[in-house]
Amino acid sequence: MDVVVHRVRLREDTDAGVFEEWVRETDYASCRELPSVVSFSVQRFTGGAAEEPRAHYFEVIAVTSGPEFERDTKTETFRRLADEFDVMAEVVGEWSGERIGPGYAADPADANEEPPRGNA
65 MDVVVHRVRL
75 REDTDAGVFE
85 EWVRETDYAS
95 CRELPSVVSF
105 SVQRFTGGAA
115 EEPRAHYFEV
125 IAVTSGPEFE
135 RDTKTETFRR
145 LADEFDVMAE
155 VVGEWSGERI
165 GPGYAADPAD
175 ANEEPPRGNA
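The sequence shown maps to residues 65 to 184 in this note's numbering.
Structure representation (structure tokens):
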């Protein structure tokens, strides 16, 4: 399994709340339409080394393989997400690599899933 990490910076006129709502409501939901995506999560930077260019978020994408993810980037779903993302933010850094073994997750079914809120 391959993993891609993007450092993300909001554009000057983008409200963080609007971006985060888009991530929760649109970006996460659309991943189901991208067969190569095993997991995807966006994290708000809360500290760490000051790197340039400055970023506000980082996203972690686990994919079945680089070539399969590349195919998904050519789909209408991905192009729509990229167009919406580009209005609000930009990727200012990228790392990619291959995971060593299965790694660890407290809940192997979906380590990125947030617990349900309220009574469902």
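We put the CB at the ideal spot given by N, CA and C, even for glycine.
Euclidean distance between Cα positions of residue i and residue j
{"i": "V124", "j": "S105", "result": "5 Å"}
{"i": "D77", "j": "H120", "result": "14 Å"}
{"i": "Y92", "j": "A146", "result": "13 Å"}
{"i": "R75", "j": "P117", "result": "13 Å"}
{"i": "W86", "j": "G165", "result": "32 Å"}
{"i": "A169", "j": "R144", "result": "31 Å"}
{"i": "R88", "j": "Q107", "result": "11 Å"}
Integer Cβ distance of residue i from residue j, believed to fall under 8 Å
{"i": "D136", "j": "S100", "result": "5 Å"}
{"i": "A153", "j": "F83", "result": "6 Å"}
{"i": "E148", "j": "T90", "result": "7 Å"}
C-beta contact flag for residue i and residue j at 7 Å
{"i": "S205", "j": "T128", "result": "With the chain covering 65 to 184 only, the question about residue 205 has no answer from this structure."}
{"i": "E162", "j": "H70", "result": "no"}
{"i": "D66", "j": "G130", "result": "yes"}
{"i": "V155", "j": "V72", "result": "yes"}
{"i": "A126", "j": "S103", "result": "yes"}
Top-ranked residue by Cα proximity to residue i, from the options
{"i": "K138", "options": "E97, Q107, E89", "result": "E97"}
Contained beta strand (DSSP E) runs [length at least 3] in the region 100-132, N- to C-terminal order = 101-108, 121-127
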